[in-house]
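Here's the structure we're looking at; comments come further down.
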Amino acid sequence: MDFDKLRTFCRVVEAGSFQKAAESEYVSQRAVSQMMKKLEEELGLKLFDRDKNKIFVTPVGRDFYIYVRNMLQKFNVNVNALRYEASSSQRLICGYFSPFDGALLREKLYQFLNEQVRLSLVHESIDHLLADISNGLVDMATVLDYGQPGLVIEDEDLASVDVYTNEMIMGVSDLNPLSRLEEFPLTAIGNRPVLYYMPEENSHYLRQAFLSTLPDESKASCAHISSIEQMQMLVSLDKAVAFYPKGLFEYVLTDKEHISYLPLAGLGERNKYRIKVIYNRHSDKLPLVKKLLSCFG
């Protein structure tokens, strides 16, 4: 599967027809139609329903379009950033796990950066960040550490420093009577999904950390969500409740959006989270990393 095929797919969805997409690419309608047929065969998915003179995007096709569009946008941004940074002798690649720890990193980078340092940023799951730091693809990253025993780093080449500590709180819709309480009782979750933010689904450590705080009857409804906007929509309309990191979510979510944020009842120290900076002890960027670390205080 190549990028040209994916870009053509996006143009077909946006134009609403093979003919209009073909005209924009200066190729024949038949060529576009055959390309989309091959894409469907490669994916094993039906992306379009075809009528005699019309096409309709299937529900799966709409979901795939959103995924591909976001992927292509991210690809273009990263390629342009690489072109900009290619001539720099001091390049620092920083990663972050979520918009929440990313906000903390942003504040420290603002103090740290100067014209001699070119910066690249990556947004990945904790597992991918650790692997990339170990392999020298990322110089340092902020990650969220929560629950007991917490984040276990098995690679001896990696070092970690706690740079921020606070507690997890629960967001609940103002439509929900629970929003008027002083604390959120976990036993009152009921049948609502309990959401936590995670950019990718494969971070088993973090899922277990959130599950460990929930009563058994609520664990089945605990689910990750990879869109902050969608999480806010579901919580504000009382379709779910969600975990938020106190002290950091305020940087990202400046409007309360009809959501009350309550401390979790009965968890005490078990509810503490930590933001860690992870880096490779043997990195040739270690002096830069140490200088950035000093900005965290």
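Using this note's numbering, you'd call the opening residue of the sequence shown number 25 and step up by one each time.
Note that beta-carbon positions come from the ideal geometry of N, C-alpha and C, so glycine has one too.
Since this is a predicted model, take the numbers as computed values, not measurements.
Opening and closing residue of the beta strand (DSSP E) in which residue i lies
| i | result |
| --- | --- |
| V162 | Here V162 belongs to no beta strand (DSSP E), and DSSP marks it neither H nor E. |
| L219 | V218 to Y221 |
| G195 | L182 to S197 |
| I249 | C246 to I249 |
Per DSSP, the bridge partner or partners of residue i
| i | result |
| --- | --- |
| D279 | None, per the DSSP bridge assignment. |
| C118 | L145 and M164 |
| Y170 | Y297 |
| I79 | R74 |
| A155 | Per DSSP, none; premise fails for A155. |
| F267 | M194 |
| F208 | L288 |
Cβ distance (whole Å) where residue i is taken to contact residue j below 8 Å
| i | j | result |
| --- | --- | --- |
| D186 | R107 | Contact flag wrong, Cβ pair sits at about 36 Å. |
| L316 | K98 | Incorrect: roughly 24 Å between the Cβ atoms, too far for contact. |
| C34 | R93 | 6 Å |
| P223 | S122 | 7 Å |
| I79 | V167 | Going by Cβ atoms, the distance from I79 to V167 rounds to 44 Å, so no, they are not a contact pair. |
| F273 | F124 | 6 Å |
| L277 | A247 | Contact flag wrong, Cβ pair sits at about 20 Å. |
| T82 | D73 | 6 Å |
| Q114 | L238 | Contact flag wrong, Cβ pair sits at about 45 Å. |
| I150 | L230 | 6 Å |
| D198 | S284 | 6 Å |
| V176 | I117 | Actually they are not in contact, since the Cβ atoms of V176 and I117 sit about 24 Å apart, beyond 8 Å. |
| G195 | N304 | Contact flag wrong, Cβ pair sits at about 35 Å. |
| L153 | G119 | 5 Å |
| E49 | T32 | 6 Å |
| V51 | K70 | Not a contact, Cβ separation roughly 23 Å. |
| D262 | N215 | With 8 Å as the limit, D262 and N215 do not qualify as a contact, their Cβ atoms being about 12 Å apart. |
| I252 | Y221 | 6 Å |
| L30 | L96 | 7 Å |
First and last residue of the uninterrupted alpha helix (DSSP H) at residue i
| i | result |
| --- | --- |
| L124 | For the record, residue 124 in the displayed sequence is Phe; it is not Leu. P123 to F136 is the span of the alpha helix (DSSP H), which, as asked, contains F124. |
| H252 | Strictly speaking, residue 252 in this sequence is Ile, with His absent from that position. It spans I252 to S260 - the alpha helix (DSSP H) in which I252 sits, taken as one unbroken run. |
Check your understanding: Using 8 Å as the threshold, is the stretch 283–296 in touch with the stretch 182–191, meaning 3 or more CB pairs across them?
Key -> yes
Review point. Do the stretch 171–182 and the stretch 293–312 touch if we need at least three Cβ pairs shorter than 8 Å?
Key: yes
Exercise for review: Output the residue ranges of the alpha helix (DSSP H) runs that lie fully inside the stretch 269–319 and measure 4 residues or longer, sorted by chain position.
Suggested key: 273–276 and 310–318
Check your understanding: Looking at C-beta atoms only, is the number of pairs between the stretch 146–162 and the stretch 197–214 that lie closer than 8 Å three or more?
Key -> no
Check your understanding: For the stretch 37–63, which segments carrying the alpha helix (DSSP H) assignment without a break, of at least 4 residues, lie completely within its bounds, in sequence order?
Key -> 42–49
Point to revise | Unbroken stretches of the alpha helix (DSSP H), 4 residues or longer, contained in the stretch 81–109 | key: 83–109
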